[in-house]
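Report on the following structure.
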Amino acid sequence: MSLVLDILSWALMVTGGVFCLLSGVGLLRFPDVFTRIHAASLGDTLGAGLILLGLLLQAGLGADLVGIKLVLILVFLLFTSPVATHALVQAALLDGLKPWTRDGRPTEGSLNPDDPAEDDAFIRDARDGGRR
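Just remember that my numbering sits 286 ahead of the position in the sequence shown, which is counted from 1.
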């Protein structure tokens with residue numbers, strides 16, 4: 287049983303490392319801030335989560351509290367990473383950055399805090415289910 291746990295934990299840690307590496311590549315290769323944030327948030331959350339799960343299998347939930355600390359770190363990571371990503375995207379939108387599109391046309395929605403009429407457009411879209 288120990289050999290199976292070792293193989294599974296190392297597989298989780300290596301897979302998590304690959305996801306973290308691919309997340310770093312995405313930060314360098316993607317064209318705008320929104321796609322870069324997407325790569326960083328998803329890749330690093332999944333990568334760090336897999337690494338922590340692999341470490342948890344190695345440590346176990348023993349009496350030395352290492353396993354419990356790893357679980358707490360994982361829970362903290364799963365709550366804070368999406369919140370931080372959402373805050374960064376909201377700040378970028380409010381700063382006036384537009385998402386990149388392949389054909390160069392503007393995206394349909396934007397957030398302009400100085401124009402309350404845009405809020406009405408979002409409310410109308412929500413009422414009719416996004417149909418135009």
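Cβ atoms here follow ideal geometry from the backbone N, Cα and C, with glycine treated the same way.
Three-state secondary structure (DSSP) of residue i
i	result
Pro368	helix
Phe320	helix
Asp350	coil
Lys422	Nothing in the structure corresponds to residue 422, since the chain is present only between 287 and 418.
Integer Cβ distance of residue i from residue j, believed to fall under 8 Å
i	j	result
Ile359	Leu338	6 Å
Residue i classed as buried or exposed, judged by whether at least 16 other C-beta atoms fall within 10 angstroms
i	result
Asp373	Looking at the sequence shown, residue 373 is not Asp but Ala. The residue in question, Ala373, is exposed, as its Cβ has fewer than 16 Cβ neighbours within 10 Å.
Ala370	exposed
Ser288	exposed
Phe305	buried
Contact test: residue i Cβ vs the ligand FMN heavy atom, cutoff 7 Å
i	result
Asp330	Looking for the ligand FMN in the displayed structure turns up nothing, as the structure carries no ligands at all.
Residue i and residue j closer than 8 Å at C-beta
i	j	result
Leu356	Leu336	no
Gly302	Gly333	yes
Leu313	Ala325	yes
- Query: Given 8 Å as the limit, is there contact between the stretch 288-297 and the stretch 311-330, that is, 3 or more CB pairs closer than that?
  - Reply: Short answer: they don't touch.
- Using 8 Å as the Cβ pair cut-off and three pairs as the minimum, do the stretch 373-388 and the stretch 305-323 touch? They touch, by the three-pair rule.
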